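Asks: Attaching a single structure in structure tokens format; questions to follow.
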Amino acid sequence: MAASNSSSSSSNSPSARSLAEAPRRASTFLLALAAITRLRKAMNAHGYSQAEQQEGWRLLVKVGCRESGVSSSAAMDAMRELDAWDELAFHRAHAALARSYPAQGDFVFEGLEATQGPGAVFGVAIFLERLDALEKGDGRAATRAQDQAAVALLATRGFDAAERARLRALVEIVQKDDAMPGDAEGQSEEDLKALYGWVTEWTEVARAIVTRRADRIALGIARRRKADGKEEFDDAPEDVAPVSAPTQVPVPVPAPGAGGAAASAPDTAKAPVVIAPPPA
-16 MAASNSSSSS SNSPSARSLA EAPRRASTFL LALAAITRLR KAMNAHGYSQ
34 AEQQEGWRLL VKVGCRESGV SSSAAMDAMR ELDAWDELAF HRAHAALARS
84 YPAQGDFVFE GLEATQGPGA VFGVAIFLER LDALEKGDGR AATRAQDQAA
134 VALLATRGFD AAERARLRAL VEIVQKDDAM PGDAEGQSEE DLKALYGWVT
184 EWTEVARAIV TRRADRIALG IARRRKADGK EEFDDAPEDV APVSAPTQVP
234 VPVPAPGAGG AAASAPDTAK APVVIAPPPA
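See below:
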């Protein structure tokens, strides 16, 4: 990293404000990767594994949230619906898997239990993500047949594709609420530091590889422009130097008369080329 940023980025003592913002940053990042498959694949190519996603959820759930943390009525309604759904549903799903596919049940419910408030949203998101992993076989080639049979069994118990899509839509409503996940006051500083370190590492990677503005906003690494449309904010904590998005440079188009190339060149010749920023 450049010398001018070394003192801030190497600090082992994030500010109180940065720690307080860590749960919100992590929840936005995790929920976006759970919902948007192409972003997850892009991160996978740069070392972001299923184990890392689960570690992020573990740290976030461990931190917990004191307050509802939602501001819109739609987000509040969605959170309440997920809160009311998770307890009975988790028991039903766990019972079905424990009887017929115990290994798959252990995978789905490792460290997962019904909870309240924002925790219910995170729990349902984790549940859906793990069912997706069973269905798609991500990193589980040795148990693919049993995994898919377990998903098929759950579908007969009410956890079919339509229900999972409904739940995912509710999770996304809460994800889009800017106030999620609530106040960090009263939470363990040690747990907050662990979560802060995790989310800071992976959002820095995302800043370097994700170029579409809408995707950067979804991941929480950029914010919507001001009303005048002239400014975009990078959502890095105050004690971490922001990483710019890769620069887009247009490909030069040959001047007229250069062998007729300009007249026959397709529109795709003007497409931008993404150039990653130089390594720190």
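As numbered in the working numbering, residues -16 to 263 make up the sequence shown, in order. Beta carbons are placed, not taken as given, at the ideal position from N, Cα and C, and that holds for glycine. These numbers come from a predicted model, not from an experiment.
Can you grab the Cα-Cα spacing for the pair His74 / Leu136, in whole Å?
Replies: Their Cα atoms are separated by approximately 15 Å.
Asks: What are the start and end residues of the alpha helix (DSSP H) that includes Gln99?
Replies: Where Gln99 is concerned, there is no enclosing alpha helix (DSSP H), given that its DSSP letter is neither H nor E.
Asks: In whole angstroms, give me the CA-to-CA distance for Phe142 and Ala9.
Replies: So the alpha carbons of these two residues sit roughly 27 Å apart.
Asks: Going by DSSP, what residues sit across from Ala144 in a beta bridge?
Replies: Its beta-bridge partners do not exist; DSSP assigns none.
Asks: Can you name, in chain order, every residue of its own chain whose Cβ lies under 7 Å from the Cβ of Lys45, other than the five neighbours on each side?
Replies: Counting only Cβ-Cβ distances below 7 Å, and skipping sequence neighbours, we find Asp174.
Asks: Would you kindly report the start and end of the unbroken alpha helix (DSSP H) that includes Asp130?
Replies: Run containing Asp130: 127 to 139, per the alpha helix (DSSP H) assignment.
Asks: Judging by CA-CA distance, which residue of Ala25, Arg41, Ala125 is the nearest neighbour of Arg195?
Replies: Checked all of Ala25, Arg41, Ala125; the closest Cα to Arg195 is Ala25.
Asks: Please state whether DSSP places Arg190 in a helix, a strand or coil.
Replies: Of the three classes helix, strand and coil, the one that applies to Arg190 here is helix, per DSSP.
Asks: Using 10 angstroms around the beta-carbon of Leu153, count the other beta-carbons present and answer buried if the total reaches 16, otherwise exposed.
Replies: Flag for Leu153 reads buried.
Asks: Using a 10 Å radius around the Cβ and a threshold of 16 neighbouring Cβ atoms, would you call Ser281 buried or exposed?
Replies: An answer regarding residue 281 cannot be provided, because it is not within the stretch -16 to 263 covered by the chain.
Asks: Kindly indicate which three-state DSSP category Ala28 falls into: helix, strand or coil?
Replies: Correct three-state label for Ala28: coil.
Asks: Keeping to the same chain, check which residues put their C-beta closer than 6 Å to that of Ala132; ignore five residues upstream and five downstream.
Replies: So the list is empty, once near-sequence residues are dropped.
Asks: From which residue to which residue does the alpha helix (DSSP H) around Asp66 run?
Replies: Asp66 -> alpha helix (DSSP H) spans 56 to 83.
Asks: Use the C-beta contact count for Arg82: other C-beta atoms within 10 angstroms, 16 or more gives buried, fewer gives exposed.
Replies: Per the 10 Å Cβ criterion, exposed.
Asks: Specify, as a first and last residue, the run of the alpha helix (DSSP H) that Gly39 falls within.
Replies: 33 to 46 is the extent of the alpha helix (DSSP H) around Gly39.
Asks: Does the distance from the CB of Leu178 to the CB of Leu43 come in under 9 Å?
Replies: It is a contact, given that the beta carbons lie within the stated cut-off.
Asks: Would the beta-carbon of Leu80 fall within 9 Å of that of Gln87?
Replies: Result yes, Cβ atoms of Leu80 and Gln87 sit closer than 9 Å.
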